[in-house]
Each structure stands twice: as structure tokens, then as C-alpha cells.
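Participant: Following my numbering, the numbering of the sequence shown begins with 1 at its first residue and continues without gaps. Please read through the structure below; I'll follow up with questions.
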Amino acid sequence: MSRDNQYDVIIIGTGAGGGTLAYHLAPSGKRILILERGDYVAREKDNWNPQAVNVDARYNTKEIWRDIQGRDLHPHTNYYVGGNTKFYGAALFRLRQQDFGEIRHHGGISPAWPISYNDLEPYYSQAEQLYQVHGNRGEDPTEPPAGKPYPWPAVSHESRIQHLADDFATSGLTPFHTPLGIMLDEKNPRQSPCIRCNTCDGFPCLVQAKSDAQVLCVDPAVEHSNVTLLTNALVKRLETDATGHEISRVVVERNGSLETYSGDIVVVSCGAINSAALLLRSANDKHPQGLANSSDVVGRHYMGHTNSVLMAISKCPNPTIFQKTLSVNDFYFGSRDFEYPMGHISFVGKLDAITLRAGAPAIAPGFTLELMAQHSLDFWLTSEDLPDPDNRVTIGHNGEIVMAYTPNNLKAHDQLKAHLQKTMKQNTCSVHGHECHQGLFSRNLYVGQRIPLAGVAHQNGTIRFGHDAKTSALDVNCKTHDVDNLYVVDGSFFPSSAAVNPALTIIANALRVGDHLLQRMGVTTAAYEASKNASPEVEIVIG
Ligand SMILES: Cc1cc2nc3c(=O)[nH]c(=O)nc-3n(C[C@H](O)[C@H](O)[C@H](O)COP(=O)(O)OP(=O)(O)OC[C@H]3O[C@@H](n4cnc5c(N)ncnc54)[C@H](O)[C@@H]3O)c2cc1C
Ligand code: SF4
């Protein structure tokens with residue numbers, strides 16, 4: 001292999017995990033190769049077109065996976081520079097401190113993590129700075145202790161949401177501002193990169209103002225001359241040396257042919273499902289069950305949260321443009337009526353009639369889809385699903401991804417819905433009284449794609465980390481127990497899914513693993529800091 005194809009570090013995938021790690025390692029001066037199967041998201045008007053995004057699924061992969069019965073799955077996932085952060089709603093939560101310990105749920109046990117909240121806290125603070133999180137400390141009753149304030153004040157509520165927040169507070173809840181990674185400067189609207197639009201959650205940002213891994217991490221990383229990014233570079237398999245303890249070659253399909261690269265360190269960050277698939281596809285005689293899979297956990301314990309959208313159709317119209325500003329965690333760990341954890345309540349982006357038409361929800365009597373969209377409060381409910389070894393990713397006969405998943409802990413989710421509905425009924429609207437909020441019904445989020453399993457936005461858990469090589473595939477530094485130069489830094493490492501959105505934890509962990517890798521490569525703090533301070537600033541171009 002020519003020297004040109006040899007690197008100190010190869011990072012596979014550019015999402016929350018891989019993109020952040022590339023940013024963190026770039027100032028080290030080490031030769032870094034980033035391999036991304038996708039391209040840059042084209043900047044075009046369709047970025048903000050609900051028909052193109054939500055109905056035509058323009059940006060979703062066209063790959064077809066299968067469920068365990070052999071039926072087609074059209075996964076709601078995206079292969080681009082920046083990974084799924086290009087499309088995410090940018091609600092950037094820390095896990096709760098207790099989520100790192102063992103928690104008893106109605107459906108079973110959520111296991112402890114091998115690191116504590118305190119181990120990750122400094123990296124959460126760094127992650128919030130890097131992803132420019134807007135929030136207010138001290139509002140969320142379940143908020144874990146934080147070493148630093150948020151770098152930006154919370155995104156303000158629009159009037160309908162402020163009204164709801166006030167009503168919730170009156171009824172005894174403690175609503176708070178959702179921590180958000182959007183580059184909105186409300187004090188200086190003329191200069192603000194973010195224009196506060198209604199096409200954010202699920203859409204790529206046309207004006208590059210979402211805190212995503214491409215804009216904030218990959219673009220600045222490739223400014224460093226020691227960093228190379230290859231797009232449209234699909235990693236097909238990883239090969240080991242004769243001992244089986246080192247990755248010797250990374251096999252990549254690019255421009256219709258196969259290329260090979262080698263790295264002293266190889267970091268897989270393809271998203272929890274694709275990373276597991278890559279390791280399973282890389283089985284060899286030293287690793288017959290799949291690479292780094294002597295534990296037989298690779299691909300198992302798939303989690304993706306139990307999520308649903310609950311549309312509260314109220315008599316009051318809801319003209320909100322940017323709806324994702326409000327959250328409620330009062331039921332996260334349980335209530336007087338239900339002693340087990342239920343989860344987290346927040347919002348999706350404001351639903352419109354086009355998106356609703358694609359999802360074809362049952363129409364509330366007396367409402368057209370347009371009227372429904374004008375009057376709905378579109379809640380996003382998240383409950384923890386528990387790690388079940390039989391919920392797993394495997395590889396089918398034709399090399400395709402196969403997903404087996406039986407939902408669990410559903411009682412908690414039903415209770416969360418019931419608690420929200422009860423609260424909404426208690427609320428008194430100044431115009432319509434109690435009945436304002438009473439027309440409630442729920443539907444699946446993934447409009448136009450009615451297969452719930454295809455909704456893999458919050459995928460995690462498939463290559464869990466832990467102390468014991470018999471029950472985990474990664475050690476506490478996210479290095480595989482079995483292969484000395486192989487790491488995984490996407491959502492795969494979660495031993496439990498908690499019930500808040502996963503991206504900030506993936507980002508924080510990538511920074512933590514990044515520090516470990518800098519140490520492993522002998523990069524001194526002084527040299528690193530000097531190079532970092534000399535790094536070019538990224539310029540956010542307003543379109
Ligand atoms: C619509 C939507 C809304 C969301 N909203 C939120 C939110 O508000 N808050 C939150 O915390 N999370 C949210 N998420 C989830 C969040 O985006 C993910 O948790 C996060 O992006 C996962 O990071 P990752 O690094 O694990 O994987 P990804 O971000 O998926 O990155 C994986 C990368 O690997 C690449 N890749 C895959 N296979 C290969 C291969 N074989 N070779 C080369 N490259 C490969 C992919 O193209 C991709 O770029 C949302 C997701 C979606 C889809
Ligand atoms: S302009 Fe702001 S609200 Fe609109 S997509 Fe971009 S980041 Fe989101």
C-alpha cells in the first residue's frame with residue numbers, strides 16, 4: 001500500500017460522533033482521513049419544501065432494509081456529510097444524572113453505564129459550546145448539574161407556546177425552554193444566521209444556521225492540511241492482520257471501484273445500525289461472529305426510543321412558526337399516580353397540511369387537514385425503550401440490513417400520553433375555557449412511511465460499552481475489547497437509551513474519546529492548544 005493511503009487515524013462517518021471527533025482531532029497535526037458514504041446536501045429550495053422533505057422523502061436513503069418477517073423497510077435515515085444532524089431538530093439535551101445508574105422501569109431494568117455523569121460532564125459543557133446550545137439553566141426540574149452556563153440564552157417562546165407554558169405552570173408543572181442548537185441571535189436579528197423559520201425539524205437548513213456536524217465540525221476540520229475528506233466513499237468492510245488484533249485495511253467503494261486505506265487507528269461512526277452492520281459484514285476466520293464480536297453483543301440491544309407525536313387540536317389557533325421551544329420533564333422519573341419513569345415531553349416542528357396529508361391521520365370531526373394544522377399543538381413524546389438482546393441488527397442473505405424489534409416498556413409511554421392529556425384537559429384557556437384543549441389524538445411521526453420500525457432517528461445501543469468483555473463490545477474508551485486499534489463513537493455505545501434526544505451525548509462522548517485518542521497518539525496539550533488557537537475560524541455564510 002502506498003504511503004498516500006496510510007493515515008494515523010481513519011474516521012468512518014461524519015455525523016454527531018464522527019464529525020465531532022474529526023473536529024477535535026484536526027488540530028493534532030496527525031494525518032486524518034474521513035470517509036463518508038454520502039455527499040454534501042445540495043443547497044436548493046427543496047431543503048425547505050415540506051412536500052419534498054416529508055412526502056417525497058427526497059433526502060432519505062433509498063436503501064431497502066428488511067424486518068424479521070422479510071418485509072421491506074424504508075429507513076428514515078440520511079447519508080450526507082454531517083449525517084443525521086443535517087436533518088435533526090437540534091434539541092440538545094444532556095442525559096439526566098440518574099440515567100447513568102441502574103433504573104427500574106415498569107417494563108424492566110435500564111442498566112447502569114460504565115462511566116458516571118461526572119465523567120461526561122466536562123464534555124457536555126464543551127459540546128454545548130461547540131454546538132452553540134441556546135438554553136436557560138435552572139428551569140428544568142430534572143436538569144443535571146452543569147459546570148458552565150449555556151453559551152446562548154434560550155430561544156424565546158412565541159405567544160401561543162408562551163400561553164401554554166403559563167397554563168402548564170398554573171396547573172403545577174415546571175415547563176422549561178428546550179435547549180436548542182440553532183444559531184439564532186434574537187438581540188441582533190439583522191445579523192442572526194438563523195431566521196427562525198418553520199422548516200427546521202427534519203429539514204436541512206438552507207442558510208447553514210443549524211448547529212450541525214457539517215457546518216460546525218467537518219468544514220472547519222478539513223481546513224487543516226493534515227485532514228482529508230472523501231465523500232461518496234462507502235466503507236464495505238474492515239480487514240484484520242493475521243493476529244486478528246489490528247485493522248490492517250479499510251475497503252472502500254468509491255467511483256465504482258474498490259480502494260483500500262490503512263490507519264494506525266480506525267474509528268467507526270456510521271450510526272448505530274450501519275456501524276453494527278459494518279462489523280458484522282467484516283467477519284473473518286479470527287472473528288467468525290463478526291468483527292470485535294466475541295461477546296456476541298454486536299447488533300443486539302438495538303434501541304430507538306418509543307416516540308410519538310400527540311396532536312392537541314385546540315379551539316385556539318396555533319400560528320407558531322418555530323414550535324420546538326417548550327419541554328416538560330415533570331413525568332420523567334414518575335408521578336404520584338405511576339411510580340415508574342415515563343419520559344420526556346417536547347414538540348416537533350409545526351406540522352402543516354401537506355405533511356399531515358402524507359401521514360393521513362384520522363381526521364378529528366369537523367376539521368379539515370388545513371384547520372387541524374392551524375389549530376394543533378404538536379407534542380413529541382419520548383419514553384425509554386429497554387435493551388433487549390433480541391432487538392437486533394443482522395445481515396440478510398443479500399447483504400442487506402435486517403431489523404428485529406419488539407417494542408417494550410409501552411405502559412410507560414401510555415402513561416406519559418395519559419398524563420399529558422390529563423394536564424391539557426385541566427388547562428383553562430381564557431377564551432374557550434377547559435374544552436379548548438380537549439380534542440386530542442395521536443399518530444405516528446413518520447408521515448408517509450407507516451412502518452414504525454423504519455423510524456430509526458434515535459438509533460443506539462448496538463455496540464454497547466462496558467467493563468466486561470463478555471457482555472460488551474467496547475471498553476470505557478469506546479475501543480473494541482477484541483481489536484486494539486478499532487474504536488466506535490456513534491450512538492452504538494449506549495448501554496441504555498434514557499428518554500431524552502441522544503445527539504448531545506454522542507457529541508460529548510466523541511469529545512471524551514477524542515481526548516483519549518490524543519493521549520494515545522502522544523499529542524501534547526501544549527502543541528495541540530497552539531495548533532487549535534491558530535485554527536481558521538469558520539465563517540457562517542448567510543445565503
Ligand atoms: C429527523 C430527525 C430529527 C432528529 N432530531 C433530533 C433532536 O432534535 N435531537 C437529538 O439529539 N437528536 C435528534 N435526531 C437524532 C440525531 O440526528 C442522531 O442521534 C445523531 O445524528 C446520530 O449521530 P451518529 O454519529 O450516531 O450517526 P449519524 O449522524 O447518522 O452519522 C452517521 C454517518 O455515517 C455515514 N455512514 C454510514 N455508513 C457508512 C459506511 N459504511 N461508510 C461510510 N460512511 C457511512 C452516514 O452517511 C452518516 O453521515 C434526529 C434525527 C432525525 C433523522
Ligand atoms: S433558519 Fe433557523 S429555524 Fe430555519 S432551518 Fe435554519 S436553523 Fe432552523
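Beta carbons are placed, not taken as given, at the ideal position from N, Cα and C, and that holds for glycine. Small disclaimer: the values here were computed from a predicted structure and weren't measured.
1) When you measure from the CB of residue 37 to every non-hydrogen atom of ligand 3, does any distance come out below 7 Å?
2) Using alpha carbons as the reference points, say which of 289, 269, 347 lies closest to residue 395.
3) For residue 273, collect the residues of the same chain with a Cβ closer than 7 Å to its Cβ; drop the 5 residues on either side in sequence, then sort them by chain order.
4) Roughly how many angstroms lie between the CA atoms of residue 264 and residue 188, to the nearest whole one?
5) Where do the N-terminal and C-terminal ends of the alpha helix (DSSP H) with residue 507 fall, by residue?
6) Straight-line CA distance for residue 254 to residue 326?
7) May I ask which residues mark the beginning and end of the alpha helix (DSSP H) holding residue 281?
8) What is the residue span of the beta strand (DSSP E) that residue 307 lies within?
9) Once the 5 residues before and after residue 98 are set aside, which same chain residues still bring their CB inside 6 Å of it?
10) Can you tell me which of the three DSSP states residue 80 falls into?
11) Do residue 161 and residue 320 have their beta-carbon atoms positioned less than 8 Å apart in this structure?
12) Please look up how many angstroms separate the CB atoms of residue 87 and residue 203, rounded, as I've assumed it's under 8 Å.
13) Please report the Cβ distance between residue 228 and residue 34, rounded to the nearest whole angstrom; I am assuming they are in contact, meaning their Cβ atoms lie under 8 Å.
14) Do residue 262 and residue 250 have their C-beta atoms closer together than 8 Å?
15) Which residues in the same chain as residue 354 place their Cβ atom closer than 6 Å to its Cβ, once the five residues preceding and following it in sequence are excluded?
16) Given 8 Å as the limit, is there contact between the region 296–308 and the region 135–143, that is, 3 or more CB pairs closer than that?
17) By the DSSP assignment, the alpha helix (DSSP H) with residue 529 in it spans what residues?
18) Say the cut is 7 Å; is the CB of residue 184 nearer than that to a heavy atom of ligand 2?
19) Under 7 Å: does the beta carbon of residue 235 sit that close to some heavy atom of ligand 1?
20) Can you say whether residue 165 is buried or exposed, counting buried as having 16 or more other CB atoms within 10 angstroms of its CB?
21) By the three-class DSSP mapping on this structure, what secondary structure does residue 370 have?
22) Going along the chain, which residues of its own chain have a beta-carbon closer than 8 Å to the beta-carbon of residue 122, five neighbours each way excluded?
23) Beta-carbon within less than 8 Å of residue 246's beta-carbon, same chain only, minus the 5 sequence neighbours each way: which residues are those?
24) Between the Cα of residue 531 and the Cα atoms of 151, 224, 386, which residue gives the shortest distance?
25) Once the 5 residues before and after residue 26 are set aside, which same chain residues still bring their CB inside 6 Å of it?
26) Suppose you measure from the CA of residue 491 to the CA of residue 502; what does that come to, to the nearest Å?
27) Name, in chain order, the residues that DSSP records as bridge partners for residue 113.
28) Helix, strand or coil: how does DSSP classify residue 446 here?
29) Given the structure, does residue 368 come close to ligand 2, in the sense that its CB is under 7 Å from one of the ligand's heavy atoms?
30) Beta strand (DSSP E) containing residue 234: first to last residue?
31) Say the cut is 7 Å; is the CB of residue 506 nearer than that to a heavy atom of ligand 1?
32) Inspect the beta-carbon positions of residue 184 and residue 192 and report whether they are closer than 8 Å.
33) Would you say the beta carbon of residue 207 comes nearer than 7 Å to a heavy atom of ligand 2?
34) Residue 263 bridges to which residues according to DSSP?
35) Residue 406 by DSSP, collapsed to three states: which one?
36) Tell me which residue opens and which closes the beta strand (DSSP E) that residue 486 is part of.
Facilitator: On the basis of the data shown:
1) This structure simply doesn't include ligand 3; it includes ligand 1 and ligand 2 instead.
2) 289
3) 393, 401, 456, 459, 462
4) 46 Å
5) In the DSSP assignment, residue 507 falls within the alpha helix (DSSP H) that extends over 503–520.
6) 43 Å
7) Unbroken alpha helix (DSSP H) run through residue 281: 272–281.
8) From DSSP, the beta strand (DSSP E) with residue 307 extends over 306–313.
9) none
10) In this structure, residue 80 counts as strand in the three-state DSSP scheme.
11) yes
12) 7 Å
13) 7 Å
14) yes
15) 50, 51
16) no
17) 525–533
18) yes
19) It does: the Cβ of residue 235 is within 7 Å (strictly closer) of some heavy atom of ligand 1.
20) buried
21) Look at residue 370 here: in three-state DSSP terms it is helix.
22) 147
23) Taking C-beta separations shorter than 8 Å and ignoring five residues to either side along the sequence, the partners of residue 246 in its chain run 240, 483, 484, 485, following chain order.
24) Selected option, being the one with the closest Cα: 224.
25) 221, 224, 227
26) Whole-angstrom Cα-Cα distance: 7 Å.
27) Answer is none; residue 113 lacks a bridge partner.
28) Confidence in residue 446 is poor, its pLDDT being 28 and thus under 50, which makes the residue's placement unreliable; the coordinate value appears in the next sentence. The answer is coil: DSSP assigns residue 446 none of H, G, I, E or B.
29) No, Cβ of residue 368 sits at least 7 Å from all heavy atoms of ligand 2.
30) 234–240
31) yes
32) yes
33) yes
34) 7
35) coil
36) Following the DSSP letters along the chain, one finds residue 486 inside the beta strand (DSSP E) bounded by residues 486–488.
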